[in-house]
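Visitor:
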Amino acid sequence: MSIYLLCLIIFSLGIYCVVRKRNVIKIIIGVIILEYAVNLFFVLVAYRVNGRAPIFSAEQEVLNMVDPLPHALVLTAIVIGLATTALLVGIAMRLYEKYRTFDITKIRELKG
Amino acid sequence: MVELYVLLVLMIIGALIAIEIKDLLSSVIAVGAAGLALSIIFLILKAPDVAITQLVVEILALIILVRGTLKRDLPFSTTGRWLLNTIITACFVVIFLAVGMKCFKDLPEFGYPIMKVAGTYIQEGLQKTGAVNLVASVILDFRAYDTLGEATILFTAVIGVLAIVRKIGRKKVDEEIREEDEEEI
Amino acid sequence: MSREREKGMSLIVKTITRLTVGLIFLYGVYIVTHGHLSPGGGFAGGVIIALSFVHLMLAYGKEKAFEKLSRAAASLFEDAGAILFLSIALLGFTGGYFFLNFISKGQPFKLFSAGIILPCNIAISLKVGAGIFAIVVALVLLEFELEEEKKEEKKGKR
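Protein chains in written order, with my numbering: chain A, 1 to 112; chain B, 1 to 185; chain C, 1 to 158.
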């Protein structure tokens, strides 16, 4: 149970960073930390004590494997996280070009 | 499981450094260190597919982030009402942690998952698909719709980045304005 | 006397890049084609293939990388990967339903086993690799107006 508590601490650190920081790059780093925490939680749920990696081997001595279903979900989620990061950095670079700053309290106009 | 706890604490320290430090390049490198610790945690939890993908994708995210923050380092100062904002956020985080721990009591204990659907995948996977790697058979044979959706997401992301970065033609607007001025004269 | 600034990084980085870029590409191809026998699959292998081209671009400058994989070729590979993946899925209709595994499953532990999984892995790796290379090239080539004006001033002063 304490392992789940550590994972939840990483998640709340990500939320603190997104809510509280004023620099756009820090907000992007907060989103990345959030994604790390969620992927870690999925793989933690799938673990089995004294299990093996879900790949068959030539000599079949034991059939005690960890859960392969959350591994498939996390594989998809990691690549989606990369797409999100690339789009966020593109938007941040466009914001810097227009307003000459990364500070979100100085970006006030709604016109594009 | 001592190494699992040590690596988790290392990840928390890396995330704290990435959040609090003022230099942008150093915080990006700290996030990279946290991602590397996460990849080793995936190896300890017997998930080699996920570990390879996490390591390679995190290297790519580092390259993109460093390109975005190069030569644009600004020191900034925190202005008024800083104490009130921090106290409110800290209270919110504490309440969130307490409620979350109360919810997690319903989960099965760490290490003994309930495998109803996955039991069928393990027992019939080799015979029905012929693949030795069970995660590949789950991705591409039992749940192939999700992989189709993810290919669509990557396609949309590429189109989105190319649309953001593209230069809108500004010279044509200036030339039109000059032509109007000449006609007026 | 003006010496043109050499593009790319220092000599040590260029030498090591020349030695290792081919090996990185070969490793990516190995992880893609053995996706059903050992850990890996299409996504990790595609990203490794894209990383080899990005490595070439970072060490030598973007003209050298465009010689190896131009922008039109990257667009072509990405479209080919997506269309190949969809057509394999639609061909399942010959057997009964969408995404049916219609190629015969050979014996396990051989390279040509597991029916539909090997062509799907190759299609996905083409799509992911070319797409991520296009993303990184677009983000690196984004030049701002201020930087362009500075470069024009420098050329004017010379």
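Each residue gets a CB set at the ideal place from its N, CA and C atoms; glycine is no exception.
1. Applying the 10 Å Cβ sphere with the 16-neighbour rule, what's the burial state of C/ILE112?
2. With a cut-off of 9 Å, does the C-beta of A/MET93 fall near any C-beta of chain C?
3. Listed in chain order, which residues of the region 146–165 of chain B have Cβ atoms closer than 9 Å to some Cβ of chain C?
4. Between the alpha carbons of B/VAL158 and B/ALA151, how many angstroms are there, rounded?
5. Could you tell me the alpha carbon to alpha carbon distance between A/ILE3 and A/PHE41, rounded to whole angstroms?
6. In the structure shown, what three-state DSSP assignment does B/MET11 receive?
7. Buried or exposed, going by whether 16 or more other CB atoms sit within 10 Å of the CB of A/ASN64?
8. Note the first and the last residue of the continuous alpha helix (DSSP H) segment covering B/GLY149.
9. Does B/THR53 get closer than 9 Å to chain C when you measure Cβ to Cβ?
10. With a cut-off of 8 Å on the beta carbons, I'd call B/PRO113 and A/ALA72 a contact; round off their distance for me.
11. Whole angstroms are fine: how far does the CA of A/VAL66 sit from the CA of A/GLY51?
12. Using 8 Å for Cβ pairs, my map puts B/TYR121 next to A/PRO68. What's the rounded Cβ distance?
13. Which residues in chain B have a C-beta closer than 7 Å to the C-beta of C/PHE170? List them in chain order.
14. Give me the Cα-Cα distance between A/LEU8 and B/GLN123, rounded to the nearest whole angstrom.
15. Per DSSP, which residues does A/ILE55 bridge with? Please list them.
16. Quick check on DSSP: helix, strand or coil for A/ASN50?
17. Counting only Cβ pairs nearer than 8 Å, list the residues of chain C close to B/VAL56.
18. Which residues does DSSP pair with A/MET135 in a beta bridge?
19. Out of curiosity, what's the CA-to-CA distance linking C/PHE53 and C/GLU78?
20. Which bits of chain B does A/VAL74 rub up against, with CB to CB less than 7 Å?
21. Name the DSSP beta bridge partners of A/ASP103, please?
22. Identify whether B/GLU109 lies in helix, strand or coil by the three-state DSSP scheme.
23. Using beta carbons (cut-off 9 Å, strictly below), is A/SER12 in contact with chain B?
24. Tell me which residue opens and which closes the alpha helix (DSSP H) that C/ARG71 is part of.
25. Kindly say whether C/ILE12, judged by its beta-carbon, lies nearer than 9 Å to any beta-carbon of chain B.
26. Could you tell me the alpha carbon to alpha carbon distance between A/VAL49 and B/ILE12, rounded to whole angstroms?
27. Using a threshold of 8 Å, is the CB atom of A/ARG48 nearer than that to any non-hydrogen atom of the ligand PLP?
28. Going straight from the alpha carbon of C/THR15 to that of B/ARG166, what length do you get?
29. For B/GLY32, does the three-state DSSP call read helix, strand or coil?
30. In or out: C/LEU127 buried (at least 16 other Cβ within 10 Å) or exposed?
31. Just the Cα atoms here: how many angstroms apart are C/ALA65 and B/LEU97?
32. In whole angstroms, what is the alpha-carbon distance linking A/CYS17 and C/GLY28?
33. Check whether the Cβ of B/GLU175 lies closer than 9 Å to any Cβ atom in chain C.
Guide: Taking the definition as stated:
1. A small correction: the amino acid at residue 112 of chain C is Phe; Ile does not occupy that position in the sequence shown. Per the 10 Å Cβ criterion, exposed.
2. yes
3. THR147, LEU148, GLU150, ALA151, THR152, LEU154, PHE155, ALA157, VAL158, VAL161, LEU162, ILE164, VAL165
4. 11 Å
5. 9 Å
6. helix
7. exposed
8. 144–165
9. yes
10. Not confirmed; about 15 Å, so no contact.
11. 5 Å
12. 6 Å
13. Because chain C is modelled from 1 through 158, residue 170 of chain C falls outside the range shown and cannot be assessed.
14. 33 Å
15. B/ASN133
16. coil
17. ALA44, VAL47, ILE48, LEU51
18. Only positions 1 to 112 of chain A appear in this structure, which leaves residue 135 of chain A out of reach.
19. 15 Å
20. VAL50
21. A/ASN23
22. coil
23. yes
24. 71–90
25. no
26. 24 Å
27. Ligands displayed in this structure: none; no statement on the ligand PLP is therefore possible.
28. 34 Å
29. helix
30. In the sequence as presented, Leu is not what sits at residue 127 of chain C; that position holds Lys. Buried: at least 16 other Cβ atoms inside 10 Å.
31. 49 Å
32. 35 Å
33. Bear in mind that the predicted position of B/GLU175 carries a pLDDT of just 48, short of 50, making it too unreliable to give a figure here.
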